[in-house]
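Okay, structure first, notes after.
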Amino acid sequence: MSKILVTGGAGFIGSNFVHHLVERTDADVTVLDKLTYAASREALDVLPAERVTLVVGDIADADVVDPLVAEADAVVHFAAESHNDNSLDDPSPFVQTNLVGTFTLLEAVRRHGTRFHHVSTDEVYGDLALDDPQRFTETTPYNPSSPYSSTKAGSDLLVRAWVRSFGVAATISNCSNNYGPFQHIEKFIPRQITNVLDGRRPRLYGQGTNVRDWIHTADHSSAVLTILERGRVGETYLIGADGEESNRDVVETLLELMGQPSDAYDLVTDRPGHDLRYAIDSSKLRAELGWEPRFTDFRSGLAATIDWYRDNEAWWRPHKETVEARYAEAGQ
Ligand code: NAD
Ligand code: DAU
């Protein structure tokens with residue numbers, strides 16, 4: 556694969572993947588990104604211009620998508636509206652981008668016979684009880700809770716149907732919660748880090764007992780490249796790094812690492828329909844393709860992430876007031 560089209564490559568995980576491609580392969584990369592509020596050109600700026608081209612455009616615009624897909628050997632599809640809280644305020648861009656956008660890409664790869672990898676989320680499976688010994692596997696039934704996760708579930712089903720009905724050469728991955736540099740400060744970990752840097756207290760929804768299964772974004776990237784190169788067409792692979800933590804534990808660790816008392820947080824209004832727990836069993840990916848996560852020490856990953864936000868205030872500062880004003884309206 557010498558030409559790879561990456562949708563959403565200016566976002567948090569997509570940009571990390573573009574860096575990974577440049578470092579680990581000889582491929583030329585075209586990024587198709589609409590540059591929504593969540594995008595960051597800066598994340599791509601340091602990459603060699605002869606290897607990476609940014610096209611600003613919408614994945615739901617067939618006239619933009621078709622010629623880019625025609626030129627590519629493979630498409631890796633990250634572009635999405637990605638934040639649950641926003642989907643509760645206004646689901647419409649989620650339906651448009653996550654469903655219509657994915658449909659538009661599928662029609663293009665069908666026309667041109669292009670290999671397609673669809674990046675999705677563990678949230679399509681709904682949630683687990685805190686004491687459930689089971690984790691999500693590739694055969695767990697779909698049961699999404701939010702407008703965000705239901706549009707991602709719908710997009711996965713479109714991909715499956717295009718594989719079966721039209722023979723599109725696609726794979727799907729469903730990954731757990733990512734953390735690392737360049738994550739938008741609306742998301743949990745960077746919101747709390749930047750709160751503490753600003754002298755504000757972290758905000759935990761509900762009682763803070765909800766559990767997420769954390770993976771460093773660099774491990775997500777290596778898993779997606781592994782699946783793109785060696786995954787079996789038509790298959791789904793779950794990506795996770797055995798990183799279950801309650802939100803309260805994450806905040807307490809973060810406060811301790813930042814030199815604050817570990818109880819210096821506030822409990823705030825819960826998210827409506829808040830999923831209780833996600834947990835991934837990634838044995839299929841590990842056994843079949845030999846993938847292993849590398850950044851499994853969550854505490855040191857969190858410490859490095861705190862350092863990154865401390866060192867890159869110019870990147871996040873322009874968004875902080877707007878993000879906090881939106882949360883304040885929701886009592887969060
Ligand atoms: P993000 O919100 O940081 O980035 C999304 C990117 O997509 C942005 O650059 C944005 O400009 C672009 N985009 C949005 N709408 C577009 C459109 N219509 N056309 C072209 N570009 C558009 O998201 P992220 O956290 O990096 O997530 C990337 C993908 O990974 C998503 O598909 C998400 O569902 C999936 N995922 C995320 C996580 C996580 O923890 N963040 C975990 C599992 C899966
Ligand atoms: O599981 C994968 C998913 O992880 C991805 O598909 C989504 O794109 C990504 O946004 C993420 O979804 P979550 O809803 O789990 O992530 P978020 O960062 O919004 O919240 C993580 C947890 O922290 C969740 O239980 C809600 C809680 N939370 C969040 C914020 C912003 C708080 O307690 N306080 C907060 O201020």
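Heads up: take any position in the sequence shown, counting from 1, add 555, and you land on our numbering.
Even for Gly, the Cβ is constructed at its ideal location relative to N, Cα and C.
None of these values were measured; they are calculated from a predicted model.
- Of the other Cβ atoms in all chains shown, fewer than 16 fall within 10 Å of the Cβ of Phe721; this residue is therefore exposed.
- Secondary structure at Arg666: helix, using DSSP grouped into helix, strand and coil.
- Nearest neighbour of Ala565 by Cα position, chosen from Val751, Val650, Ser557, Asp600, turns out to be Asp600.
- Considered as a whole, the segment 679–735 harbours 702–721 as its complete alpha helix (DSSP H) runs of no fewer than 4 residues, in chain order.
- The secondary-structure analysis by DSSP pairs Leu809 with nothing; it has no beta-bridge partner.
- Taking a contact to require three or more Cβ pairs closer than 8 Å, the segment 657–673 and the segment 744–759 do not qualify as touching.
- Relative to ligand 1, Val674 has its C-beta within less than 7 Å of a heavy atom.
- The count of Cβ pairs closer than 8 Å, one atom from the segment 771–791 and one from the segment 799–811, stays below three, leaving the stretches out of contact.
- DSSP lists Val631, Thr726 as the bridge partner or partners of His672.
- A distance below 8 Å between beta-carbons, with the five flanking residues on each side excluded, links Gly763 to the following residues of its chain, in chain order: Ser801, Asn802, Arg803, Val806, Tyr820, Leu822.
- Taking Leu712 as reference, the option from Glu784, Asp640, Glu790, Leu685 with the minimal CA-CA separation is Glu790.
- Val586 has Val561, Leu609 as its beta-bridge partners, per DSSP.
- Contact between the segment 855–867 and the segment 733–740 is present: three or more C-beta pairs spanning the two stretches fall below 8 Å.
- Residue environment analysis places Gly828 among the exposed positions, since fewer than 16 neighbouring C-beta atoms fall within 10 angstroms of its C-beta.
- At least 8 Å separates the beta-carbon of Ile568 from that of Asp677.
- Counting along the chain, no beta strand (DSSP E) covers Thr851, and no H or E run does either.
- Less than 8 Å divides the Cβ of Phe649 from the Cβ of Thr706.
- Annotation for Gly566 indicates a beta carbon within 7 Å of some heavy atom of ligand 1.
- Residue state for Leu654 is assigned as helix, using DSSP reduced to three classes.
- In this structure, the alpha-carbon of Ala593 lies about 22 Å from that of Tyr760.
- Between the beta-carbon of Val631 and that of Val674 there is about 7 Å, and that keeps the pair under the 8 Å contact cut.
- The DSSP assignment places complete alpha helix (DSSP H) segments of no fewer than 4 residues inside the segment 730–789 at 743–752, 772–785, in order along the chain.
- In the DSSP annotation of this structure, the continuous segment of the alpha helix (DSSP H) that includes Tyr882 starts and ends at 868–884.
- For Val620, there is no enclosing beta strand (DSSP E); the enclosing alpha helix (DSSP H) covers residues 617–626.
- Counted as a single uninterrupted DSSP element, the stretch harbouring Ile614 is not any beta strand (DSSP E), since DSSP gives it neither H nor E.
- DSSP lists Ser728 as the bridge partner or partners of Tyr792.
- Leu576 sits away from Gly612, with the two beta carbons spaced by 8 Å or more.
- When Ile770, Arg787, Trp871, Arg785 are compared, the shortest CA-CA separation from Ile794 is found for Ile770.
- For Ala684, the closest of Leu831, Glu876, Gln651, Val788 by C-alpha to C-alpha distance is Leu831.
- No heavy atom of ligand 2 is found nearer than 7 Å to the CB of Leu685.
- From the listed residues Glu597, Gly786, Ala885, Ser817, the smallest Cα separation to Asp825 is found for Ala885.
- Distances from the alpha-carbon of Tyr833 to those of Asn765, Arg872, Glu578, Asn867 put Asn765 closest.
- Rounded to whole angstroms, the gap between the alpha carbons of Ser700 and Ser642 is 11 Å.
- In this structure, the alpha-carbon of Ala796 lies about 14 Å from that of Arg854.
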